[in-house]
Each structure stands twice: as structure tokens, then as C-alpha cells.
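To convert, count from 1 in the sequence shown and add 2; that's our numbering.
Report on the following structure.
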Amino acid sequence: MKKLLLFLFAFISFVSCYSQNMDYTKGQALGFNLFLNDFQSASDIRTNGIVNVLKNHDFLKTSETTPGISVSYLSGLNNHVDFIATLEGSFLDYPNQNVSQTTDNNRFLLESTASLNLKLLSDRYVIVPYMDLGVGLCEYTKYFGAFIPVGLGLQVRLSNDAFLLFNSQYRVAVTENASYHFYYSLGVVGSIFKKKTSSPLVAVEIPAAPAVHDRDHD
3 MKKLLLFLFA FISFVSCYSQ NMDYTKGQAL GFNLFLNDFQ SASDIRTNGI
53 VNVLKNHDFL KTSETTPGIS VSYLSGLNNH VDFIATLEGS FLDYPNQNVS
103 QTTDNNRFLL ESTASLNLKL LSDRYVIVPY MDLGVGLCEY TKYFGAFIPV
153 GLGLQVRLSN DAFLLFNSQY RVAVTENASY HFYYSLGVVG SIFKKKTSSP
203 LVAVEIPAAP AVHDRDHD
């Protein structure tokens, strides 16, 4: 836990060092995403180690993932940093022994995250890789938990006001009612308002003073 908090502090400090140039900063945008939650791979890695999981081809089996949908709000802070908040919903049997189980295990899981996307390049480029880090909350059958999402992503510019986002996260549980899991999403975000552009300066031509001719040549 201390290492995660130290990493979070270092991440925020690193963000503050980035350029504040606003030429390629996103405006406010809304997005729609499809995602997959993978609790089984995270559990296998914690139990058997990542080497054995990869060796046995037990990572990211589609039959063990759960689909869901989410909406997101995104706003650019500067050329290289975007703030993004998501609200996600899916139906599943939540793998956590601290959460009460019922006869109907296919219950609704609500997750919400607030993250910073640290982009390697500005939005002037078509393809931009980024890393993201934030905080998250989850709710399942009236039990609440907290986690830290850490991930990598890829942004593809569709137009000046629309972007395609690929994201992969590892969600680290920080409370007993949350579970470790992987999260994969694909979504589109579009600007709510068009960015204001400053009007170009118009040069005003000042007429030259009329020439005065000295008729006496003195």
C-alpha cells in the first residue's frame, strides 16, 4: 500500500512538471465505452504467479470475463494531461468472500473511477499512447469498496473533436470489499462544446501623411 501511495505521489509530481501550453488541450467531452472485467486472471496471478499463468495460457480467457458498459467525462488539463471520470456497470457473481452472497449471484456491480491520463504526445498527433492512474469505488449488493486503477492506453484522433480510446488497467484492491481485477475498455469520446478560438488580428493600414513640397527650396 505504501508503495502505491508513493507511486501516486511521484505520478502527480511528474504531471505538474509538464508544459502548460494550451494549444492542443481538449475541451470538455463525453464518452461511451464497452469493457470487460477479468477477475479470474488477477486471482490466478496472485495465487500461481504471472509466469505460470502465461505458461499455461490462463490469461484473459474470454469465457471468464464479464462485459459491461460505461459513460465517461473527459477534460484536458494541459497538452499532456487529461482528467477522466467514468461510471461503469455490469452484472456478475462478484468474487469476494466479504460480500454477502445470495441465491441470485448475477447481481449488478457499479464501479466509478477518477483518473489522470498522462499522454506521451499532445492531441495534435493521430495516435497517442498514455498511462493512467487514479482512484476508484465499487458497490455490490450494498457493500462498498475502494481500489486503485493503474493502466496503459492508446488514443486515436478521429477528428479535432472526437477520439477513440483503448485502455487496459490493473485494479488494485485497497479495502476488503474490493477485488483485484483487470479491466479492458474501448470507447469514443466527443467534445460537448466547440473550443473557442481567438479571432485573428486584422492589420489596420494607417494612411501616410501627405508630402509637403517646399516651393521656395529654402
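Don't be surprised by glycine CBs; every beta carbon is placed ideally from N, CA and C.
Check: Rounded C-alpha distance that separates I194 from V130; Outcome: 21 Å
Check: Cutoff 7 Å; reference S117; Cβ partners in own chain excluding five residues on either side; Outcome: I86, D134, L135, G136, P151
Check: Among I71, S92, E90, D125, the one whose alpha carbon lies nearest that of K28; Outcome: D125
Check: Candidates G189, S92, L120, A44, of which the one nearest E141 by Cα; Outcome: S92
Check: First and last residue of the uninterrupted alpha helix (DSSP H) at Q42; Outcome: 41-50
Check: Per-residue DSSP class, three states only, for N80; Outcome: strand
Check: Touch test, the stretch 32-47 against the stretch 60-75, Cβ-Cβ under 8 Å, three pairs minimum; Outcome: yes
Check: Simplified DSSP assignment, three categories, for S74; Outcome: strand
Check: Reference Y96, options D84, L156, T88, L112, closest by Cα; Outcome: L112
Check: Straight-line gap, G189 to F34 (C-alpha atoms, nearest Å); Outcome: 5 Å
Check: Distance between N80 and D163 (C-alpha atoms, nearest Å); Outcome: 16 Å
Check: Range of the contiguous beta strand (DSSP E) that encloses P131; Outcome: 129-142
Check: Start-end ranges of the alpha helix (DSSP H) lying completely within the stretch 162-190, minimum 4 residues; Outcome: none
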